[in-house]
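Going down the list, the protein sequences come from chains A and B. Each step along the first sequence adds one to the number in my numbering, with nothing skipped, and position 76 is 76. Adding 365 to a residue's 1-based position in the second sequence gives its number in my numbering. Even for Gly, the Cβ is constructed at its ideal location relative to N, Cα and C. These numbers were taken from a predicted model, which means no experiment stands behind them. Below is one structure, written out as structure tokens; the observations come after it.
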Amino acid sequence: MILSNMWKGLTGALMALAMFFAANAVMAASHAKKLKVAFVYVGPVGDHGWTYQHHQAMKAVKAKFGDKVETTHVENVSEGPDAERVIQQLAQKGNDLIFTTSFGFMNPTLKVAKRFPKVKFEHATGFKRAANVSTYNTRFYEGRYVAGVAAGKLTKTNTIGYIASFPIPEVVMGINASYLGAKSVNPDVKIKVIWVSTWFDPGKEAAAAKALVDQGADILFQHTDSPAAMKLAEQKGILALGQASDMKAFGPNAQYTSLVNDWSGYSISRVQAVMDGTWKSTNTWGGLKDGMLTMPKWSAKVPADVAKLADEVKAKIIAGTFHPFTGPLKKQDGSVALKDGEVIDDGALSGMNYYVEGVDGSLPK
Amino acid sequence: MDLLVNIMLGIIIAATPLVFAAIGELIVEKSGVLNLGVEGMMIVGALAGFAATIELGSFWAGIAAAALAGALMALLFAVLTQSLLANQVATGLALTMFGLGLAALLGQRYSGKSAPEVSKLHIPGLSELPIVGPILFGHDAMVYLAVALVAVTAWFLKNTRQGLVIRAIGENHDAAHAIGHPVILYRYVALMFGGACAGLGGAYLSLVQTPFWVENMTAGRGWIALALVVFSAWRPWWAFMGAYLFGGITIIQLHGQGMGLDIEPQLLAMLPYIATIIVLVLISSDRTKARLNAPANLGQTFFKSS
Numbered sequence: 001m002i003l004s005n006m007w008k009g010l011t012g013a014l015m016a017l018a019m020f021f022a023a024n025a026v027m028a029a030s031h032a033k034k035l036k037v038a039f040v041y042v043g044p045v046g047d048h049g050w051t052y053q054h055h056q057a058m059k060a061v062k063a064k065f066g067d068k069v070e071t072t073h074v075e076n077v078s079e080g081p082d083a084e085r086v087i088q089q090l091a092q093k094g095n096d097l098i099f100t101t102s103f104g105f106m107n108p109t110l111k112v113a114k115r116f117p118k119v120k121f122e123h124a125t126g127f128k129r130a131a132n133v134s135t136y137n138t139r140f141y142e143g144r145y146v147a148g149v150a151a152g153k154l155t156k157t158n159t160i161g162y163i164a165s166f167p168i169p170e171v172v173m174g175i176n177a178s179y180l181g182a183k184s185v186n187p188d189v190k191i192k193v194i195w196v197s198t199w200f201d202p203g204k205e206a207a208a209a210k211a212l213v214d215q216g217a218d219i220l221f222q223h224t225d226s227p228a229a230m231k232l233a234e235q236k237g238i239l240a241l242g243q244a245s246d247m248k249a250f251g252p253n254a255q256y257t258s259l260v261n262d263w264s265g266y267s268i269s270r271v272q273a274v275m276d277g278t279w280k281s282t283n284t285w286g287g288l289k290d291g292m293l294t295m296p297k298w299s300a301k302v303p304a305d306v307a308k309l310a311d312e313v314k315a316k317i318i319a320g321t322f323h324p325f326t327g328p329l330k331k332q333d334g335s336v337a338l339k340d341g342e343v344i345d346d347g348a349l350s351g352m353n354y355y356v357e358g359v360d361g362s363l364p365k
Numbered sequence: 366m367d368l369l370v371n372i373m374l375g376i377i378i379a380a381t382p383l384v385f386a387a388i389g390e391l392i393v394e395k396s397g398v399l400n401l402g403v404e405g406m407m408i409v410g411a412l413a414g415f416a417a418t419i420e421l422g423s424f425w426a427g428i429a430a431a432a433l434a435g436a437l438m439a440l441l442f443a444v445l446t447q448s449l450l451a452n453q454v455a456t457g458l459a460l461t462m463f464g465l466g467l468a469a470l471l472g473q474r475y476s477g478k479s480a481p482e483v484s485k486l487h488i489p490g491l492s493e494l495p496i497v498g499p500i501l502f503g504h505d506a507m508v509y510l511a512v513a514l515v516a517v518t519a520w521f522l523k524n525t526r527q528g529l530v531i532r533a534i535g536e537n538h539d540a541a542h543a544i545g546h547p548v549i550l551y552r553y554v555a556l557m558f559g560g561a562c563a564g565l566g567g568a569y570l571s572l573v574q575t576p577f578w579v580e581n582m583t584a585g586r587g588w589i590a591l592a593l594v595v596f597s598a599w600r601p602w603w604a605f606m607g608a609y610l611f612g613g614i615t616i617i618q619l620h621g622q623g624m625g626l627d628i629e630p631q632l633l634a635m636l637p638y639i640a641t642i643i644v645l646v647l648i649s650s651d652r653t654k655a656r657l658n659a660p661a662n663l664g665q666t667f668f669k670s671s
């Protein structure tokens, strides 16, 4: 009797043990199939701007692939040595695909990529690639040109205020495109640029916005990440262009339209490519046509004729019949940038380091 | 002239949160404690002030909540460093990281909301004076509270018995203890006052400067406040002037750019930090240390031996 009980207990224990191992094996197998995808952000996901939109892309990847992916994200990674440490750590932890979503992560990404040839990297807004590093970006300047056309008509003081972060080509071409758009419909328009030397500092961005309004700007553009300028525009009763995300919550009356980055489609396609084994190092630069940049409906503050004018320009850009940087175009110093009828090529555009003629102030080095 | 007034207004708005945070940390350091958690206490204050204003519908409830939240953060620091004798530098850094994370977590439901506008002071007659009126008599109450706080702190440290004891504790806690002063108690109070001030500075950001809540909105101002305390050589009015100098440089360079002046923004952004480094270098040479009146026991753990 005792013996048989012992025997029963033993078999029970053995079975439990066997089941435990079996379950472990199954879990390990399903674990191996999961693709590990990581995102590195420069700001907080709650910035309602740049990082928020990248986080939306991560959520879209999760929603699309469900159990087949495991996603991680790291917020508030400063552009510098810290970035390299974070990216390295993510690669060491066995991530298969790592999205690094700020310009300043370019060199750290390439350094880590060299050490982890099997890991694939996607760097947003950079221009250096490697066998396992792709780059992707949005043609923000297209939207800025269209917004500029409307702003040129909407401004009463003929002054557009522009809050800029760092003098890198992406920001410089945005200033130029906004100005050219506005000037195409209003030859008297001026653009005032203030560099705040940061991507995210609500207090400083608000101070810059206030300085611009004090100096006569009645429409604000920004190339920084917080909604501070939009909020100030709302308080002052003027208009502003939303940046990176829909900022309507901060400026229900101020936001006349917004430039919304939509990275979801791209991120999903890249995850799919890794799963299919078709991933290659590529350079993607999508714009209004590809849906990587979208603009919400014009607000009620934009009269129908202005909206129509801007929409026509937008349609031409989408159709590919018009490029915002078409000659004749002179640089600020008077030298020729583009000859009559010449359209800028992507190489020259992505290295743009000059103001076009008509923009005031000097470009910081 | 309008522009001049506007520049002055901008400077006052930029300087006020720094004044709050710096004056609080100044008292703390005068008592011999180094709390590097100013940034963390500020951001928690920013969130608490914003949340309470939204929930209770009152600006002053928000201000009270911010001071309380900052003081609670400081209490945590006080328990760890004064009662449990943890290292002050490490605990302060941890407090900053903890505060940033905590505020981000709790603040999720407040992002995207806006605080109601704060009413500005209006004195009939005085506020309408040209130039002087808007610069001196047209602000929200917090601006005046900040100035008053500096005045009271300066007077308190110099002219009251308790102020003298705080300074004595900061200079030599063993001696102060030997003649019967409750070192730990004084430091608890100083720390919580400092935390409340940092909380007020944070609330000024989220309620007046940019009336919304967004993660990380302090963007390093806590560190600037710490630098200002050193820059001022632990003198309240110097800290006040330092904050206005810092705000002034920031705002003037922004306006200068808008007017097309050719100054490198990066250079101006460095200035306050360079000034701090110079002061630090001066302090580290022993001969001038006494003159710059750094508390001799700053950052040292007090252990009650008898």
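Would you mind reading off the limits of the beta strand (DSSP E) that contains Gly286/A? Where Gly286/A is concerned, the enclosing beta strand (DSSP E) starts and stops at Asn283 to Gly286.
Which whole runs of the beta strand (DSSP E) in the segment 411-435 of chain B are 3 residues long or more, in chain order? None, since the segment 411-435 of chain B contains no complete beta strand (DSSP E) of that length.
For Val359/A, collect the residues of the same chain with a Cβ closer than 8 Å to its Cβ; drop the 5 residues on either side in sequence, then sort them by chain order. So the list reads Ile175, Asn176, Tyr179, Ile191, Val193 and Gln332, once near-sequence residues are dropped.
Closest residue to Ala592/B among Pro481/B, Thr583/B and Phe611/B (Cα-Cα distance): Comparing Cα-Cα distances from Ala592/B to each of Pro481/B, Thr583/B and Phe611/B, the minimum goes to Phe611/B.
Using CA atoms only, rank isn't needed, just tell me which of Val86/A, Thr71/A and Thr72/A is closest to Ser78/A. For the residues Val86/A, Thr71/A and Thr72/A, the minimum Cα distance to Ser78/A belongs to Val86/A.
Three or more C-beta pairs below 8 Å linking the segment 384-396 of chain B and the segment 559-573 of chain B: Between the segment 384-396 of chain B and the segment 559-573 of chain B, the count of Cβ pairs shorter than 8 Å is three or higher; the stretches touch.
Pull up the CB-CB distance for Gly435/B and Gly567/B, whole angstroms please, since I reckon it's below 8 Å. Yes, Gly435/B and Gly567/B are in contact; Cβ-Cβ is about 7 Å, under 8 Å.
Classification of Ala659/B by the beta-carbon crowding that lies within 10 angstroms, buried from 16 upward: So Ala659/B counts as buried.
With a CB to CB cut of under 6 Å and the five nearest residues on each side skipped, what residues in its chain are close to Glu316/A? The residue asked about is misnamed: residue 316/A is Lys in this sequence, not Glu. Counting only Cβ-Cβ distances below 6 Å, and skipping sequence neighbours, we find Phe322.
Gly623/B: contacting residues in chain A (beta-carbon distance under 7 Å): The contacting residues are Lys192, Ile194, Ala211, Leu212 and Gln215.
Where Phe577/B meets chain A, residues with beta-carbon distance less than 7 Å: Pro227, Lys231 and Phe250, listed in chain order.
Residues near Glu404/B by beta carbon distance below 8 Å, same chain, minus five either side: These residues qualify, in order along the chain: Thr461, Gly464, Leu465, Thr583, Gly585, Arg586, Gly587 and Trp588.
Taking only beta-carbon positions, decide if Phe103/A is within less than 8 Å of chain B. No, Phe103/A does not count as interfacial toward chain B.
Counting only Cβ pairs nearer than 8 Å, list the residues of chain A close to Ile616/B. Result: Ala207 and Ala211.
Spatial neighbours of Val26/A within its chain, please: C-beta separation below 6 Å, excluding the five flanking residues on both sides. Per-residue confidence for Val26/A stands at a pLDDT of 47, beneath the threshold of 50, marking its modelled position as unreliable; no derived number is given.
What is the rounded straight-line gap between the Cα of Leu241/A and the Cα of Leu259/A? Spanning the two alpha carbons is a distance of roughly 7 Å.
Which class does Ala480/B belong to by DSSP, given the choice of helix, strand or coil? Coil, per DSSP.
Taking 8 Å as the threshold (beta carbon to beta carbon), is Ser362/A in contact with chain B? For Ser362/A, the answer is yes, since a Cβ of chain B falls inside 8 Å of its Cβ.
Taking only beta-carbon positions, decide if Ser476/B is within less than 8 Å of chain A. Judged by the 8 Å Cβ criterion, Ser476/B is in contact with chain A.
Interfacial residues, the segment 472-500 of chain B to chain A, with Cβ spacing under 8 Å: Those would be Gly472, Gln473, Ser476, Gly477, Lys478, Ser479 and Glu482, in chain order.
Which of the three DSSP states is assigned to Gly306/A in this structure? The question names Gly, but residue 306/A in the sequence shown is Val. Note: Val306/A maps to helix in three-state DSSP.
Nearest CA to the CA of Lys210/A: which residue from Thr615/B, Gly422/B and His538/B? Restricting attention to Thr615/B, Gly422/B and His538/B, the CA atom closest to the CA of Lys210/A is found in Thr615/B.
Within 10 angstroms of its Cβ, does Arg474/B collect 16 or more other Cβ (buried), or is it exposed? It is exposed - the Cβ of Arg474/B has fewer than 16 other Cβ atoms within 10 Å.
Check whether chain A comes within 8 Å of Pro630/B, counting only Cβ atoms and requiring the distance to be less than that. With 8 Å as the cut-off, Pro630/B counts as an interface residue toward chain A.
Does the separation of the CB atoms of Ser267/A and Phe99/A fall below 8 Å? For the 8 Å CB-CB criterion, Ser267/A and Phe99/A form a contact.
Can you find a CB in chain A that lies within less than 8 Å of the CB of Gly567/B? No, because no Cβ of chain A sits closer than 8 Å to the Cβ of Gly567/B.
Taking the continuous alpha helix (DSSP H) assigned at Ser258/A, which residues delimit it? Counting along the chain, Ser258/A sits inside no alpha helix (DSSP H); it lies in the beta strand (DSSP E) bounded by residues Gln255 to Ser258.
Looking at the unbroken alpha helix (DSSP H) that takes in Val37/A, where does it start and where does it end? No alpha helix (DSSP H) contains Val37/A, which is instead part of the beta strand (DSSP E) from Leu35 to Val40.
Under 7 Å Cβ to Cβ from Gly126/A, same chain only, skipping five residues before and after it: list those, please. Excluding residues within five positions, the ones whose Cβ falls inside 7 Å are Phe103, Met106 and Thr135.
On the three-state DSSP scale, how would you describe Glu357/A? The three-state reading of DSSP puts Glu357/A in coil, since its state is none of H, G, I, E or B.
What does a CB cutoff of less than 7 Å around Glu84/A pick up in its chain, not counting 5 residues either side in sequence? Closer than 7 Å at the Cβ level, and outside the excluded window around Glu84/A, lie Pro108, Lys111 and Val112.
Using the C-alpha atoms, what's the distance from Leu412/B back to Ser571/B? Approximately 7 Å, taken between the alpha carbons.
Assign Ile496/B to one of two classes, buried (16 or more other C-beta atoms within 10 Å of its C-beta) or exposed (fewer than that). The residue is exposed, with fewer than 16 neighbouring Cβ atoms inside 10 Å.
Residue from Asp82/A, Glu75/A, Lys36/A and Gly80/A whose Cα sits closest to the Cα of Val69/A: Answer by Cα proximity: Lys36/A.
Near Gly472/B, what residues of its chain come up, given a Cβ to Cβ distance below 7 Å and the 5 sequence neighbours on each side ignored? So the list reads Leu412, Trp578 and Glu580, once near-sequence residues are dropped.
Indicate whether at least one CB of chain A lies closer than 8 Å to the CB of Gly375/B. For Gly375/B, the answer is yes, since a Cβ of chain A falls inside 8 Å of its Cβ.
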